[in-house]
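Protein chains: 2
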Amino acid sequence: MNATPPPDRLGFRTARREDLPSILALLADDPLGAERERLEDPVPDPYVRAFSAIEADPNQEVIVAERDGQVAGVLQLTFIASLTWQGSTRALIEGVRVAAALRGLRIGEALVGEAIERARRRGCRIVQLTTDRSRTDAHRFYERLGFKATHVGMKLHLDDRSGDFH
Amino acid sequence: MNATPPPDRLGFRTARREDLPSILALLADDPLGAERERLEDPVPDPYVRAFSAIEADPNQEVIVAERDGQVAGVLQLTFIASLTWQGSTRALIEGVRVAAALRGLRIGEALVGEAIERARRRGCRIVQLTTDRSRTDAHRFYERLGFKATHVGMKLHLDDRSGDFH
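For the record, the sequence lines run as chains E and Z.
The numbering of the first sequence is my numbering, which starts it at 2 and goes up by one.
The numbering of the second sequence is my numbering, which starts it at 2 and goes up by one.
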């Protein structure tokens with residue numbers, strides 16, 4: 002992948018707690034996210050607790066793209082020391098969202114590029130992510146960035162099953 | 002998924018440093034792992050460093066299955082505080098291997114069950130993993146355990162690209 006100049010007036014930084022309402026709006030403004038998230042004011046406690054845990058963890062970062070002082074995109078990056086691939090560190094990308102009004106400006110590309118660059122600086126050998134099978138645009142997007150769809154991503158939801166496993 | 006009694010004489014515990022040679026042997030004894038890992042004595046430094054990082058991280062655990070005092074299987078479990086899904090914690094499973102001579106004894110099923118139980122105790126709402134597309138047996142195995150293949154798993158290898166992104 003060649004470097005692509007980021008769109009004008011675009012910057013990246015680690016998210017701060019006061020970004021949470023903007024981040025939550027991005028997470029909820031999504032066909033799948035709309036059913037999963039709770040867009041409320043004030044921000045519901047579970048998001049605040051998760052953000053605090055992420056902030057306190059040296060292996061986690063929430064990165065925001067900022068355009069003209071507004072949060073235009075977000076993703077979560079996790080660094081994972083791993084035994085496989087000769088003890089490599091992996092970077093996991095989750096929750097990539099760009100504001101609907103700002104799509105087509107290559108903000109997502111620049112934001113993921115920022116995450117890849119941070120992963121490289123941390124010595125990661127693999128950057129990985131999963132995207133829902135229904136997000137075919139996303140698959141093409143990541144393939145353009147050099148990702149290969151080599152894996153099947155499998156999920157087990159524990160929500161409604163507490164107590165019935167053991 | 003209903004609880005399945007583990008095979009006789011099988012136990013689970015968090016891995017210790019002295020398990021590393023046995024763990025490495027399991028990781029290398031695999032069609033894909035054979036090309037990726039370095040099965041050497043002493044254990045190459047990158048594995049030792051990765052294991053130390055995992056041991057020091059309260060969000061990471063390497064779990065071994067032990068049968069008659071021998072390491073019979075291994076997996077790596079990572080707990081990830083996440084903003085999405087209403088600030089849920091996810092559990093990521095990587096590097097699942099069972100000794101070739103001991104396959105068919107449901108050790109893998111019991112080992113993944115142990116990981117799911119640990120994830121549940123940590124309050125995780127989602128357990129996730131990716132498996133190589135070529136591992137069709139593994140897909141069926143995880144589906145039997147209740148996982149759904151809802152996602153595409155995408156990887157970007159940074160190895161031979163250092164310096165060419167920016």
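Note that beta-carbon positions come from the ideal geometry of N, C-alpha and C, so glycine has one too.
Given the structure is predicted, the values throughout are model-derived calculations rather than measurements.
Close Cβ partners of residue i (< 8 Å) along its chain, the five nearest in sequence each way excluded
i, result
"E:THR86", "It should be noted that the sequence gives Trp, not Thr, for residue 86 of chain E. Within the same chain, E:TRP86 has close Cβ partners ARG126 and ILE127."
"Z:VAL49", "ARG18 and LEU21"
"Z:GLU144", "ALA150"
"E:LEU130", "LEU93, ILE94, GLU95, VAL97, TYR143 and PHE148"
"Z:ARG119", "GLU62, ILE64, LEU78 and ALA92"
Own chain, CB closer than 7 Å to residue i, minus 5 neighbours either side, in chain order
i, result
"E:LYS149", "none"
"E:ASN3", "Only weak support exists for where E:ASN3 lies, its pLDDT of 48 falling under 50; the value from the coordinates is given anyway. Answer for E:ASN3: no residue qualifies."
Beta-bridge partners of residue i, as assigned by DSSP
i, result
"Z:HIS152", "E:ASP133 and E:GLY154"
"Z:ALA82", "Z:THR90"
"E:VAL99", "E:GLY74"
"Z:ILE127", "E:HIS158 and Z:ARG91"
"E:LEU11", "E:ARG68"
Residue i Cβ short of 7 Å to the ligand COA heavy atom set
i, result
"E:GLY124", "This structure simply doesn't include the ligand COA, nor any ligand for that matter."
Separation of residue j from residue i, as counted between CA atoms
i, j, result
"E:ALA51", "E:LEU76", "14 Å"
"Z:ARG141", "Z:GLY147", "10 Å"
"Z:GLU67", "E:LEU84", "18 Å"
"Z:ILE64", "Z:ILE55", "11 Å"
"E:ALA181", "Z:ARG123", "Here chain E comprises residues numbered 2 to 167, so residue 181 of chain E is not present and cannot be evaluated."
"Z:SER53", "E:GLY154", "28 Å"
"Z:HIS152", "E:THR132", "5 Å"
"Z:THR15", "Z:GLN61", "10 Å"
"Z:ASP138", "E:LEU25", "38 Å"
"Z:GLU110", "E:ILE81", "24 Å"
"Z:ARG121", "E:LEU159", "7 Å"
"Z:ALA29", "Z:SER23", "10 Å"
"E:THR90", "E:LEU27", "29 Å"
"Z:GLU41", "Z:ALA35", "12 Å"
"Z:ALA116", "E:VAL113", "30 Å"
"Z:GLN71", "Z:ARG134", "30 Å"
"Z:PRO59", "E:THR79", "14 Å"
"Z:GLY12", "E:GLY12", "51 Å"
"Z:ASP31", "Z:ARG37", "10 Å"
"E:PRO43", "Z:PRO43", "55 Å"
"Z:LEU106", "Z:ARG136", "19 Å"
"E:PHE166", "E:LEU157", "Note on E:PHE166: pLDDT 41, under 50, position unreliable in the model; the coordinate value appears next. Answer to the nearest angstrom: the Cα atoms are 13 Å apart."
"Z:ALA57", "E:LEU33", "35 Å"
"E:PRO47", "E:GLY88", "33 Å"
Own chain residues within Cβ distance below 6 Å of residue i, not counting five before or after
i, result
"E:ARG39", "PRO45"
"Z:ALA73", "ALA66, ALA100, LEU103 and ILE108"
"Z:ASP69", "ARG10"
Under 8 Å from the C-beta of residue i: neighbouring residues of chain A
i, result
"E:GLY96", "Here chain A cannot be found, since the structure's protein chains are E and Z."
Practice task
Pick out the complete alpha helix (DSSP H) segments inside the region 13-72 of chain Z, 4 residues or longer, and give them in chain order.
Solution key: Fully enclosed alpha helix (DSSP H) runs of 4 or longer: 21-29, 34-37 and 46-57.
Handout entry: Proximal residues, the region 60-76 of chain Z versus chain E, C-beta separation under 9 Å
Key = ASN60, GLN61, VAL63 and VAL75
Exercise for the section: Check distances from the C-beta atoms of the region 106-130 of chain E to those of chain Z and list, in chain order, the residues that come in under 8 Å. Expected result: In summary, the residues of the region 106-130 of chain E whose CB is separated from some CB of chain Z by less than 8 Å are GLY114, ILE117, GLU118, ALA120, ARG121, CYS125, ARG126, ILE127, VAL128, GLN129 and LEU130, in the order they occur in the chain.
Exercise for the section: With 9 Å as the C-beta to C-beta threshold (strictly closer), list the residues of the region 19-35 of chain Z near chain E in chain order. Expected result: LEU21, ILE24, LEU25, LEU28 and GLY34
Handout entry: Contact set between the region 47-61 of chain Z and chain E, restricted to residues whose Cβ is under 8 Å from the partner
Key = PRO47, TYR48, VAL49, ARG50, ALA51, PHE52, ALA54, ILE55, ASP58, ASN60 and GLN61
Handout entry: Contacting positions in the region 138-161 of chain Z - beta carbon closer than 9 Å to chain E
Key = Sequence-ordered contacts of the region 138-161 of chain Z with chain E read ALA139, HIS140, TYR143, GLU144, LEU146, GLY147, PHE148, LYS149, ALA150, THR151, HIS152, VAL153, GLY154, MET155, LYS156, LEU157, HIS158, LEU159 and ASP160 [C-beta pairs closer than 9 Å].
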